[in-house]
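Top to bottom, those sequences are chains A and B.
Residue numbers 1 to 620, in the numbering used here, belong to the letters of the first sequence in order.
Residue numbers 621 to 771, in the numbering used here, belong to the letters of the second sequence in order.
Working notes, beginning with the structure itself.
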Amino acid sequence: MDRVNKAEDLRELRNRLIAAQDTSRPVVRVCLGPGCLAQGADKVAGAFKKAIKDRGLQADVKPLIKETGCHGFCKLGPLVNLDPSGLFYAQVKPEDVEEIVEQTLVKGQVVDRLLYTENGNQYQTASEIPFYAMQQKIATRNLGLIDPILLEDAIINGAYLAAAKALSYMKPEDVVKELELSGLRGRGGAGFPTGRKWRSAVDAAKKSPGMVYIVCNGDEGDPGAFMDRAIMEGDPHGVLEGMLIEAYAVGANQGFLYVRTEYPIAVKNLKRALDQARDLGMLGQNILGTGFDFDVQINRGAGAFVCGESTALFSSIEGKAGEPRAKYIRSVERGLWGRPTVLNNVETLSNVPVIIDEGGDWYAHIGPANSPGTKAFSLVGKVKNVGLVEVPMGVPLSRIVEDIGGGVPGKDHFKAVQTGGPSGGCIPYSLKDVAVDFDSLIKIGSMMGSGGMIVMDDTDCVVDVARYFLHFLEEESCGKCLPCRLGLKGMVEFLDRFSRGEGSEEELDELVSLGEAIKDGALCALGGSAPNPVLTTIRYFRDEYLAHIVDKKCPAGVCKSLITYSIDTDKCTGCGLCVRNCPQSCITGETKTPHTINGEACVRCGMCLESCKFGAINVA
Amino acid sequence: MKKKATEIDAILDRYPGEPRYLISLLQDVQAEYNYIAPENMTLICDHVGVPLTQAWSVATFYKSFSLEPRGEHEIRVCCGTACHLKGSERLAQSLERDLGVERGHTTEDLRFSLDTVNCLGACALAPMVMIDDDYIGGATQRGIRKYLKKI
């Protein structure tokens, strides 16, 4: 592809690419997002390529296969979208491909059985489906649309136009002002205003002339969150463009992209995009003839949750163990190698090009005044429509979980929604109408975090969930400060005891007081927010804790020490499947007569529950 | 033996000899050899100019480095929040029983390494187990057993 030497070149290149497009060519978009890929979408894409080749369709129909990023509706994966018809096929298997090619691509007919049906309505296109109709996509705008491998595809969809506008027609100061006007707040967790952060870096650089660095945080460490993975994989140029605009605004010539090592596809797609952007002339020396130089280096994370913390992440980029430091001097003033460094998260940066394009004022009017814009969430757990969603800030929680998410399968309503990852809290059903924005969530003791939204139902135990997070955090604590290193250990001990039915009500209060002390005393945000999952669950689900401690019961049937497995003799057919699978050999009974479980030997592994075809295993 | 030596040299040549490239080098060596052997660690330290003690501190701090040889197949049970709610702990325990090793360890015959990971980012298909490069969504104890018998 041609190199662009000025803003005008980019526009002309885009016009040329658009003009060269054959709009009559059918386009088949196969979602290769995290969810679809795990359901075999790569095989579906392969089947399309093969079927088209076998039938010799390249010659006349010339279908174009695009392997796109996450389309969002992971539950229905693998997803296939067709253009120009707009048809949306769900749960497509490789063996369905032949029929799609024959019926839709060749004859132009609809394969009804692959359409999505909900409440008796059948939907032909994605935009009609309630799951999509209620969303507004900004950060995830290109996901599912473009093929992240193809630079042309990104350019046709407007990639780098905002950067060209910023570099060629705006002063760095104007870019910062536009961001301040937009009110965009960091999507990584803390919600610090992005424009103000950039302003601080500019001021810091004035005081101490020299290098300024920018870092994009793609170390999406919160378990249960995959928004950033989806964005990095599906729209890598969008992330690079955000970084370029930021670099120009704060005067940085070197950027770092810190990506989790668990995301190999993201690393691959970003690396390819980096090379493409360099060839295009959007990275490197004298970008668009403006005299501005900027390049990006990718650093892979090495599996440490604490590296989501700014100063720990910087240590890691410098090649050291990722331990945070006390932030008497903020990292924006003294970050990488002691120089001013701006750290923004992937989702934050992918909003930036749109803000420059549409204007800060436009962005500021989406959602509530204090938390403007949209937010992407990974909606997972006990919810019908699991997937990636993006909605305006400030919508009620129930809109996301019940209207978009379709509620809990087979249940009236959810029990709690966990937001904010290990730093967040559990929001009970009674607060289902809380507005989902930074400030409202903090008010009720949880937080936005990076956007994981995990739905729990009555078979999920809050004591177990709190214990899960604390075990996670204790494991991930870097060990530098005492409140976190020993305090979390202490909290885990309390929770382990409670989950065994030990402890007392006084100990519950001691646990709260220990949690408060850690919040005050820990060095960094990991420790400072670590007690949140415990404190919110005690606040909203005290009864459930008491059920464990006082009644020695786990109402949700999760905590191993407090449950027993038994066989419902009415339902058991004596098929013997559980006997064959039981690792403890503790199930006995004659063939074709109801079996029994020897409770003493049972380790509650759940194997019988999993294997029983008649629902005869009771857990209580 | 000779081949191995050229390979490690080739990896070292990918990065300038500066301390900031320590982690990248450890990652590349880990990817190539499945673990970081003491002699390779020394070569890396010489290349980037950091003391061996510091490299050990880094290699033991981050989860993705192993100082012991890993198994032929990597089993990674995702223990993210969504997977936890859908029974990943039971999956991990059943694998520990079946393979006779604790998580974080490798079977004696070097066939399998068993690990739990914080999140694979495929939460929509919880519980998720990754065996080598294959994602297994909606994993069950029996399904994993069957899968392992095949490889």
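Note that beta-carbon positions come from the ideal geometry of N, C-alpha and C, so glycine has one too.
Where the alpha helix (DSSP H) through residue i begins and ends
{"i": "Gln276 (chain A)", "result": "264 to 280"}
{"i": "Thr591 (chain A)", "result": "Element bounds for Thr591 (chain A): n/a, residue is neither H nor E."}
{"i": "Asn15 (chain A)", "result": "7 to 20"}
{"i": "Ile518 (chain A)", "result": "505 to 521"}
{"i": "Ala205 (chain A)", "result": "194 to 207"}
{"i": "His704 (chain B)", "result": "701 to 705"}
{"i": "Pro172 (chain A)", "result": "172 to 182"}
Exposed unless 16 or more other CB atoms sit within 10 angstroms - verdict on residue i
{"i": "Arg450 (chain A)", "result": "Note that residue 450 (chain A) is Ser in the sequence shown, not Arg. Classification of Ser450 (chain A): buried, given that the 10 Å Cβ count is 16 or more."}
{"i": "Met661 (chain B)", "result": "buried"}
{"i": "Trp198 (chain A)", "result": "buried"}
{"i": "Asn121 (chain A)", "result": "exposed"}
{"i": "Phe614 (chain A)", "result": "exposed"}
{"i": "Ser194 (chain A)", "result": "It is Thr, not Ser, that sits at residue 194 (chain A) in the sequence shown. Result: buried."}
{"i": "Arg11 (chain A)", "result": "exposed"}
{"i": "Ile356 (chain A)", "result": "buried"}
{"i": "Leu672 (chain B)", "result": "exposed"}
{"i": "His548 (chain A)", "result": "buried"}
{"i": "Ala59 (chain A)", "result": "exposed"}
DSSP state of residue i mapped onto helix, strand, coil
{"i": "Gln58 (chain A)", "result": "coil"}
{"i": "Phe73 (chain A)", "result": "coil"}
{"i": "Ser566 (chain A)", "result": "strand"}
{"i": "Gly255 (chain A)", "result": "strand"}
{"i": "Met661 (chain B)", "result": "helix"}
{"i": "Met626 (chain A)", "result": "There is no way to answer for residue 626 (chain A), as the model of chain A reaches only from 1 to 620."}
{"i": "Met1 (chain A)", "result": "coil"}
{"i": "Lys623 (chain B)", "result": "Low confidence applies here, because Lys623 (chain B) scores a pLDDT of 45, under 50, leaving its location unreliable and the question unanswered by this model."}
{"i": "Ile156 (chain A)", "result": "helix"}
{"i": "Gly360 (chain A)", "result": "helix"}
{"i": "Leu343 (chain A)", "result": "strand"}
{"i": "Asn351 (chain A)", "result": "helix"}
{"i": "Phe469 (chain A)", "result": "helix"}
{"i": "Lys769 (chain B)", "result": "helix"}
{"i": "Gln122 (chain A)", "result": "strand"}
{"i": "Val110 (chain A)", "result": "coil"}
{"i": "Val603 (chain A)", "result": "coil"}
CB contact below 7 Å: residue i versus chain B
{"i": "Thr261 (chain A)", "result": "yes"}
{"i": "Phe541 (chain A)", "result": "no"}
{"i": "Pro368 (chain A)", "result": "no"}
{"i": "Glu600 (chain A)", "result": "no"}
{"i": "Ala38 (chain A)", "result": "yes"}
{"i": "Gly533 (chain A)", "result": "Reading off the sequence, residue 533 (chain A) comes out as Pro, not Gly. Chain B contact via Cβ: absent."}
{"i": "Arg628 (chain A)", "result": "For chain A, the structure presents residues 1 to 620; residue 628 (chain A) sits outside this window and is missing."}
{"i": "Glu402 (chain A)", "result": "no"}
{"i": "Gly303 (chain A)", "result": "yes"}
{"i": "Gly359 (chain A)", "result": "no"}
{"i": "Arg229 (chain A)", "result": "yes"}
{"i": "Gly224 (chain A)", "result": "yes"}
Extent of the continuous beta strand (DSSP E) to which residue i belongs
{"i": "Glu67 (chain A)", "result": "64 to 68"}
{"i": "Thr290 (chain A)", "result": "Unbroken run through Thr290 (chain A): none, as it is neither H nor E."}
{"i": "Pro392 (chain A)", "result": "387 to 392"}
{"i": "Ser733 (chain B)", "result": "732 to 737"}
{"i": "Cys31 (chain A)", "result": "27 to 31"}
CB contact below 7 Å: residue i versus chain A
{"i": "Thr736 (chain B)", "result": "no"}
{"i": "Ala772 (chain B)", "result": "Given a span of 621 to 771 for chain B in the structure shown, any question on residue 772 (chain B) remains unanswerable."}
{"i": "Arg710 (chain B)", "result": "yes"}
{"i": "Val649 (chain B)", "result": "no"}
{"i": "Arg640 (chain B)", "result": "yes"}
{"i": "Gly758 (chain B)", "result": "no"}
{"i": "Tyr755 (chain B)", "result": "yes"}
{"i": "Ala657 (chain B)", "result": "no"}
{"i": "Gly637 (chain B)", "result": "no"}
{"i": "Gly700 (chain B)", "result": "yes"}
**OP:** Identify each residue in the segment 431 to 456 of chain A for which the Cβ-Cβ distance to at least one residue of chain B is less than 8 Å, and report them in chain order.
**Re:** Gly452, Ile454, Met456
Subject >> Within 9 Å of chain E by C-beta, residues of the segment 712 to 735 of chain B in sequence order >> reply: The structure shown has no chain E; the protein chains it does contain are A and B.
**OP:** Note down, in chain order, all residues in the segment 662 to 674 of chain B with a beta-carbon under 8 Å from any beta-carbon belonging to chain A.
**Re:** Val668, Val670, Gln674
**OP:** Using a Cβ-Cβ cut-off of less than 9 Å, list which residues of the segment 364 to 393 of chain A approach chain B; keep chain order.
**Re:** Ser378, Leu379, Val380, Gly381, Lys382, Val386, Gly387, Leu388
**OP:** Would you list, in chain order, the members of the segment 459 to 474 of chain A that have their beta-carbon closer than 9 Å to a beta-carbon of chain B?
**Re:** Thr459, Asp460, Asp464, Val465, Tyr468, Phe469, Phe472
Subject >> Residues in the segment 326 to 353 of chain A having any Cβ partner in chain B nearer than 7 Å >> reply: none
**OP:** Could you run through the segment 564 to 588 of chain A and flag, in chain order, every residue whose CB is less than 8 Å away from some CB of chain B?
**Re:** Asn581, Pro583
Subject >> Members of the segment 672 to 696 of chain B near chain A, C-beta cut-off 7 Å >> reply: Ser677, Val678, Phe681, Tyr682, Lys683, Ser684, Phe685
Original post:
Quick one, which residues of the segment 61 to 78 of chain A are near chain B if we go by CB-CB under 7 Å, in chain order?
Top reply: Cys74, Lys75
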